[in-house]
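With positions in the sequence shown counted from 1, the corresponding number in this note's numbering is that position plus 29. Worksheet: one structure, shown below.
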Amino acid sequence: MLAQALLFFFPVSGSAIPKLSGSFSMEDTKVTTPESSSNLFQAGLNFDLVPVMTKRLGLLLNAKINFIDSGKESLWSGSWNAAPFGNLGVDLTGDSYGFNMRHSNYATLSANADLVDTKISRAAFSLAPQDLPRLAADYTTTKTTTSGIRNNEAQTDTISLFGDYQYEWLNFRGGYSTQESFSQGVLSFSSDSIFFGTGGSYEILPQTTLSGDVSLNQSTSQGSRGEQTTNTSKGLSLNLNSSPLEWLGVTGNFRKDLADSTGTLAVTGTSTGSQTIDVSGRLSPFPSLQFTATLGNRTFDDVALTRSVDYRTVAATFSDRLRDEIQVGLNLSRSAEFDPEQGDNIRDGFSLNSTMDLTPRISARVNFNVGRSENPGFVNTRLFGASGTFADRNLYNDRPVGFTFFDTINNELYTKLVNTNNATDWSLPVHFVLLTEQFTVSKTVQFNMIPTDKTSLALSLAANSNAEKLDLLELGSRTATSSFSYRPNLRTSYSLSGSANLPQTGAASYSTTASMSYRFFRGHQFTGSYSKTFTALKATDNFFGGVSISLFKRISLGLTYGTTQLFSEDQTHLFRATLSKSF
């Protein structure tokens with residue numbers, strides 16, 4: 030009857046017949062914790078109807094009935110919760126438009142035996158006519174109800190609208206979105222945002238492209254106590270990319286951002302800005318060798334100051350196959366930032382990686398990385414008699430011989446040589462140049478092996494160290510992982526994996542997991558896994574297993590059991606049985 034009704038409203042030509050399929054399923058889930066026990070029974074009847082028609086209408090109907098039981102004695106001592114349209118979906122598409130609607134209503138049991146009921150409704154529409162502006166709209170509402178130890182009801186509503194228009198090489202865009210969140214029926218958060226922008230790319234010369242983008246965004250948010258904040262941001266970016274030769278490339282970038290924030294939680298009139306300008310070059314004399322360099326400046330607002338930081342980066346990269354079995358990669362880099370306010374920061378990097386096919390069944394990968402950072406240090410002014418600006422030194426002219434004063438602006442130390450209460454009593458300045466040097470070393474070795482046609486083995490060892498002195502042999506934090514799989518035939522598979530974590534400071538931890546899968550004849554299948562974790566505080570054991578049985582034609586039965594804290598009083602058990610039939 031449903032198919033006939035759709036054919037009446039959406040007639041088709043010829044002998045096209047709508048496709049109708051569906052399934053019926055029943056599922057019962059029980060979760061038991063030391064504090065409580067909950068049971069959830071669900072039954073669903075699903076129809077999937079795909080009419081054959083010129084408008085390409087896809088219709089999905091699903092009727093679902095839930096039975097919820099929180100008692101411990103009888104399955105039928107609970108209460109019924111019927112949802113005639115548990116899941117509903119409609120899709121309609123044309124040459125230049127599309128519409129889809131989704132509604133789902135499902136229930137689950139959490140790990141602590143709480144019942145979680147979720148309802149999600151969504152409707153979306155898109156319009157994309159040729160050579161005209163495109164439009165997309167979306168509405169989504171999500172409601173989650175938690176019953177049990179933690180009772181809660183939360184809802185979120187979201188509306189968004191977006192449009193853009195492509196005119197030759199320029200793209201114009203704009204959009205609006207709003208969101209409201211409720212907790213226990215009370216508004217907890219709301220926000221509105223609107224944005225506009227335009228951008229595009231144009232080839233001004235052969236192999237030379239100029240790209241640009243301008244954006245304007247404004248968002249307003251409000252909390253549960255009525256506090257409101259408005260943020261406005263503006264951005265301009267330009268990019269010039271030129272590759273006149275295959276082995277030579279030049280790139281220039283300019284970006285400027287402005288941000289304003291006002292509201293009850295922001296300082297009124299707060300305005301910040303940033304600007305970045307850089308030029309990069311690429312030189313590849315050989316396909317396996319490449320040199321890159323970047324020179325730039327970054328200006329930004331920091332509290333009440335405007336800071337200007339110059340930076341530059343140079344790097345060399347080499348990657349080639351030394352032999353058919355050995356691939357080698359090498360990278361050297363240095364980056365430096367010159368900050369007049371906080372000093373210079375310099376970082377050096379070296380990395381070496383190699384992939385080797387040792388034998389037809391064994392391959393290895395080696396990674397070796399060394400990093401060095403040089404940062405300005407900070408002086409503990411409590412070590413001196415007084416500190417401040419150079420002008421503040423005159424406040425201490427009356428101090429005794431041997432008194433010390435540290436100039437925090439120029440990082441210079443003065444000492445009283447005589448006591449005549451005069452500015453000439455001080456010694457010549459001693460300039461402090463403090464640098465903090467830090468080295469990081471990481472080493473990784475990985476082996477992939479296929480001992481036989483039915484087995485595979487993977488081993489990985491990693492070590493990471495961080496110190497003020499370079500020590501290539503220092504292990505630091507260590508991590509080891511391994512995995513082994515065995516498949517004696519097409520129906521059976523076994524796997525075993527483990528890991529060990531030995532941090533540089535703190536307690537070690539270990540974990541192991543064993544699993545197996547066996548597929549019987551006629552589509553029956555069994556899967557199971559056991560995992561154990563060791564930490565300094567305790568050891569935990571978890572088990573998960575499931576059986577899938579094909580009873581008759583298109584009828585299957587699934588049984589699942591899982592437990593955590595296997596040998597502890599805090600055990601949590603989960604049991605699920607599912608019966609389904611498709612037609």
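Here a beta-carbon is modelled for each residue, glycine too, at the ideal position from N, C-alpha and C.
Those residues which DSSP pairs with residue i across a bridge
i, result
"residue 455", "445"
"residue 164", "156, 192"
"residue 397", "381, 472"
"residue 326", "306, 339"
"residue 572", "559, 592"
"residue 209", "186, 219"
"residue 356", "350, 384"
"residue 391", "388, 478"
"residue 20", "Past the boundaries of the shown model lies residue 20; the chain is included only from 30 to 612, so the question cannot be answered."
"residue 375", "365, 403"
"residue 612", "Note: residue 612 sits in no beta bridge, so no partner."
"residue 527", "511, 541"
"residue 248", "222, 260"
"residue 227", "201, 243"
"residue 522", "546"
"residue 214", "Partner(s): none; residue 214 has no beta bridge."
Within 8 Å, strictly: CB atoms of residue i and residue j
i, j, result
"residue 378", "residue 392", "no"
"residue 419", "residue 433", "no"
"residue 501", "residue 474", "no"
"residue 397", "residue 472", "yes"
"residue 540", "residue 509", "no"
"residue 292", "residue 259", "yes"
"residue 323", "residue 309", "yes"
"residue 144", "residue 176", "yes"
"residue 601", "residue 592", "yes"
"residue 594", "residue 564", "no"
"residue 468", "residue 496", "yes"
"residue 250", "residue 220", "yes"
"residue 155", "residue 127", "yes"
"residue 514", "residue 534", "no"
Anticipated Cβ contact below 8 Å, residue i with residue j, distance rounded
i, j, result
"residue 224", "residue 204", "6 Å"
"residue 226", "residue 241", "In fact, because the Cβ distance is near 11 Å, the residues do not count as touching under 8 Å."
"residue 380", "residue 348", "That belief does not hold up - the Cβ atoms of residue 380 and residue 348 are roughly 11 Å apart, past 8 Å."
"residue 248", "residue 264", "Actually they are not in contact, since the Cβ atoms of residue 248 and residue 264 sit about 14 Å apart, beyond 8 Å."
"residue 208", "residue 174", "Residue 208 to residue 174, Cβ: 20 Å. No contact."
"residue 346", "residue 319", "5 Å"
Coil, strand or helix - residue i by DSSP
i, result
"residue 601", "strand"
"residue 550", "helix"
"residue 450", "coil"
"residue 534", "coil"
"residue 434", "strand"
"residue 143", "coil"
"residue 423", "helix"
"residue 411", "helix"
"residue 513", "strand"
"residue 273", "strand"
"residue 507", "strand"
"residue 492", "strand"
"residue 565", "coil"
"residue 582", "coil"
"residue 254", "coil"
"residue 295", "The predicted position of residue 295 is uncertain, since its pLDDT is 47 and thus under 50; a value taken from the coordinates is nonetheless stated next. Correct three-state label for residue 295: coil."
"residue 500", "coil"
"residue 311", "strand"
"residue 105", "With a pLDDT of only 37 at residue 105, under the threshold of 50, the placement of this residue in the model should not be trusted; the figure read from the coordinates follows. Three-state DSSP puts residue 105 in a helix."
"residue 65", "coil"
"residue 125", "coil"
"residue 34", "Annotation note: pLDDT 42 at residue 34 (below 50); position unreliable, no value reported."
"residue 428", "coil"
"residue 171", "strand"
"residue 613", "Absent from the model: residue 613. The displayed extent of the chain is 30 to 612, so no value can be given."
"residue 180", "coil"
"residue 54", "strand"
"residue 203", "strand"
"residue 317", "coil"
"residue 76", "strand"
"residue 440", "coil"
"residue 285", "strand"
C-beta neighbour in chain B for residue i, strict 8 Å
i, result
"residue 266", "This model lacks chain B altogether; it includes just one protein chain."
*Between the stretch 533–547 and the stretch 562–573, are three or more C-beta pairs nearer than 8 Å?*
yes
_Under 8 Å: do the stretch 485–499 and the stretch 425–443 share three or more Cβ pairs, one atom per stretch?_
no
*Is there contact here, the stretch 124–135 with the stretch 61–70, by at least three beta-carbon pairs under 8 Å?*
no
_Between the stretch 269–277 and the stretch 298–306, can you find at least three pairs of beta-carbon atoms closer than 8 Å?_
no
*Is the stretch 603–612 touching the stretch 578–585, taking contact as three or more C-beta pairs under 8 Å?*
yes
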